[in-house]
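In the working numbering, the protein residues as written are 35 to 232.
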């Protein structure tokens, strides 16, 4: 009898674990137009193709302050992500206010931690971020990089600004291993950002 009970408990534990894992891997998709900012995320945007979206406000994340993320890929296989979020408060417009500069520092520290967690080494970033303008929108920005476990350097350019009471975080990722360059990344942003933020 105790062996049957032990097997039942083990089966139940396995079911709970696999159900939790499956739900953790399944994120809710987002609408093609963000309600708060009225930004549209169509099938193609500035030459990039829509891949997927994640609605962090919906199950399983249930974190409305983290907003929605949209992922696109360019013809040169660069990945462009856009996250629209407010952390539960109204965000002032622009890239130089204390709310945006503070969040930018948080995002950059988080990126460094994510690189380390992924096993990447030699994280590099400039000591001071700069400003970047795409179309009529100015962002706080920085390019950072790290070396993968396969000894390949990968790069990300992070942009953040306040727009219509939300943070707009845009990131483009590229790799030397795929013969991608910072010029490719900048060209992708020059096409993508003005098409998004009209």
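Each residue gets a CB set at the ideal place from its N, CA and C atoms; glycine is no exception.
Report yes if the CB atom of residue 182 is closer than 8 Å to the CB atom of residue 154, and no otherwise. Going by beta carbons, residue 182 and residue 154 fall inside the 8 Å limit.
Between the C-alpha atoms of residue 104 and residue 212, what's the straight-line distance to the nearest angstrom? Approximately 22 Å between the Cα atoms of the pair.
Any idea if residue 163 is buried or exposed, counting beta-carbon neighbours within 10 angstroms, 16 or more meaning buried? Residue 163 sits buried, since 16 or more C-beta atoms from the chains shown fall within 10 Å of its C-beta.
Separation of residue 214 from residue 187, as counted between CA atoms: The alpha-carbon atoms of residue 187 and residue 214 are separated by roughly 11 Å.
C-alpha distance - residue 222 paired with residue 96, whole-angstrom precision: Near 32 Å, if we compare the C-alpha coordinates of residue 96 and residue 222.
CB of residue 126 within 8 Å of CB of residue 81, strictly: Cβ atoms of residue 126 and residue 81: not closer than 8 Å.
Out of curiosity, what's the CA-to-CA distance linking residue 208 and residue 112? Roughly 5 Å between the two C-alpha positions.
Round the Cβ separation of residue 198 and residue 70 to the nearest angstrom and send it over; I've been treating them as touching at under 8 Å. Residue 198 to residue 70, Cβ: 6 Å. Contact.
Where do the ends of the alpha helix (DSSP H) carrying residue 87 lie? First-last for residue 87: 82-89, but that is the beta strand (DSSP E), not the alpha helix (DSSP H).
I'd like to confirm the pairing. Which residues does DSSP put opposite residue 103 in its beta bridges? Within the DSSP bridge table, the entry for residue 103 names 88, 117 as partners.
Strictly by DSSP, which residues pair up with residue 178? Paired residue(s): 190.
Between residue 118 and residue 185, is the Cβ-Cβ spacing less than 8 Å? It is not a contact, given that the beta carbons lie outside the stated cut-off.
Backbone CA spacing between residue 133 and residue 218 [nearest angstrom]: Their Cα atoms are separated by approximately 30 Å.
Taking the C-alpha atoms as reference points, what is the distance between residue 88 and residue 63? Cα to Cα, residue 88 sits roughly 5 Å from residue 63.
Output the distance between the C-alpha atoms of residue 135 and residue 115, rounded to the nearest integer angstrom. About 20 Å.
Can the beta-carbon of residue 85 be found less than 8 Å from the beta-carbon of residue 107? Contact: yes.
Indicate the three-state DSSP secondary structure (helix, strand or coil) for residue 108 in the structure shown. Coil at residue 108, not helix or strand.
Out of curiosity, what's the CA-to-CA distance linking residue 157 and residue 232? If you take the alpha carbons of residue 157 and residue 232, they lie about 34 Å apart.
Please return the same chain residues whose Cβ sits closer than 6 Å to the Cβ of residue 191, not counting the five positions on each side in sequence. Answer for residue 191: 177, 206, 219, listed in chain order.
Going by DSSP in three states, residue 196 sits in which element: helix, strand or coil? Residue 196 falls in the strand class under three-state DSSP.
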